[in-house]
Amino acid sequence: QVTLRETGPALVRPTQTLTLTCTFSGFSLSTSGMCVSWIRQPPGKAPEWLARIDWEDDKSYSTSLKTRLTISKDTSKKQVVLTMTNMDPVDTATYFCVRTEYDYLWGSYRHHYWGQGTLVTVSS
Amino acid sequence: DIQLTQSPSFLSASVGDRVTITCRASQAISSFLAWYQQKPGKAPNLLIYAPSTLQSGVPSRFSGSGSGTEFTLTISSLQPEDFATYYCQQLNSSPFTFGQGTKLDIK
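Read top to bottom, the protein sequences are chains A and B.
Using the numbering used here, the letters of the first sequence map in sequence onto residues -18 to 105.
Using the numbering used here, the letters of the second sequence map in sequence onto residues 1060 to 1166.
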């Protein structure tokens, strides 16, 4: 059974750095085609894709946020960590950790399993 | 970045109705599109990708079509549990952008 759980602070002050941890089970990030992505969703708005790390440790970032984001993995601990620097109130959102599979037949990725999300509020 | 525009943004319909949601991309994305359903307080749920392949467990009343820049999600006969918000997402090139969403509610 695949599960993902996001942990991190519920409240962050402006200019601080946010660190979120995704702890997963039911799959290995060393399996070919396996990835973990972070996607956020501001209240009442559409989801926004942030970053992805894959089985070969290749990383991909949102164009507009790439200078502020870092994604990393610890395969043995089954964890993926996302850090976002210089937080601002507009970064208030629910942050989701998502198991992402590269579908070799289709030639792209599927965001199939999602964590429940963690709401991060940025406020002074 | 590739922009996705969904229409309509809001849709009122009745149980049993056939509804169609459109997603238009700002540039050609081949068949690299997925559709999600999201209910309040829950994570998005993958319905369809590729863009006509149903994710396992998704009812057959859902179908997807399109290629290039125009895609559609059709629900053939609305059920009470289908009232939700629907999003398209392009997976042609990073960043994998989402449409703004279509909220489907009961007429």
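Glycine is no exception: its CB is placed at the ideal position from the N, C-alpha and C atoms.
Neighbour-count burial assignment, residue i, 16 or more Cβ in a 10 Å radius
i	result
Ser45/A	exposed
Asp35/A	buried
Ile1088/B	buried
Thr75/A	buried
Thr(-4)/A	exposed
Thr99/A	buried
Ala1101/B	Before going on, a small fix: residue 1101/B reads as Lys here, not Ala. Counting Cβ neighbours within 10 Å, Lys1101/B comes out exposed, since fewer than 16 surround it.
Ser175/A	Nothing in the structure corresponds to residue 175/A, since chain A is present only between -18 and 105.
Gln22/A	buried
Tyr1146/B	buried
Ile52/A	buried
Leu86/A	exposed
Ile1165/B	exposed
Ala1109/B	buried
Pro28/A	buried
Gln1148/B	buried
Asp55/A	exposed
Asp72/A	buried
Leu1163/B	buried
Leu(-8)/A	exposed
Rounded Cβ spacing between residue i and residue j (contact assumed at less than 8 Å)
i	j	result
Gln1096/B	Leu1106/B	5 Å
Ser89/A	Phe1091/B	5 Å
Ser1119/B	Ser1111/B	No, Ser1119/B and Ser1111/B are not in contact; Cβ-Cβ is about 12 Å, not under 8 Å.
Thr2/A	Thr(-12)/A	5 Å
Thr64/A	Thr0/A	5 Å
Thr1161/B	Gln1065/B	5 Å
Cys78/A	Val101/A	In fact, because the Cβ distance is near 13 Å, the residues do not count as touching under 8 Å.
Thr(-16)/A	Ser6/A	5 Å
Tyr83/A	Gly14/A	4 Å
Trp30/A	Pro1067/B	That pair is no contact at about 23 Å.
Leu50/A	Ser57/A	About 23 Å; that fails the 8 Å criterion.
According to DSSP, residues forming a beta bridge with residue i
i	result
Ala32/A	Trp19/A, Tyr42/A
Arg91/A	Glu82/A
Leu1155/B	Leu is not the amino acid found at residue 1155/B; the sequence shown has Phe there. Note: Phe1155/B sits in no beta bridge, so no partner.
Met65/A	Leu(-1)/A, Leu50/A
Val(-7)/A	Val103/A
Asp55/A	Gln60/A
Ser6/A	Thr(-16)/A
Ile1165/B	Ala1072/B
Gln1148/B	Ala1093/B, Phe1157/B
Ala74/A	Val101/A
Can you list the beta strand (DSSP E) stretches of 3 or more residues lying completely in the stretch 1064 to 1138 of chain B, in chain order?
Scanning the stretch 1064 to 1138 of chain B from its first residue to its last, the whole beta strand (DSSP E) runs of 3-plus residues come out as 1069 to 1072, 1078 to 1084, 1092 to 1097, 1104 to 1108, 1121 to 1126, 1129 to 1134.
Contact between the stretch 1141 to 1150 of chain B and the stretch 1072 to 1089 of chain B: three or more CB pairs below 8 Å?
With a cut-off of 8 Å on Cβ pairs, the stretch 1141 to 1150 of chain B is in contact with the stretch 1072 to 1089 of chain B, counting three or more such pairs.
Touching or not, the stretch 1122 to 1139 of chain B and the stretch 1076 to 1083 of chain B, by the rule of three or more beta carbon pairs under 8 Å?
Output reads yes: the stretch 1076 to 1083 of chain B touches the stretch 1122 to 1139 of chain B.
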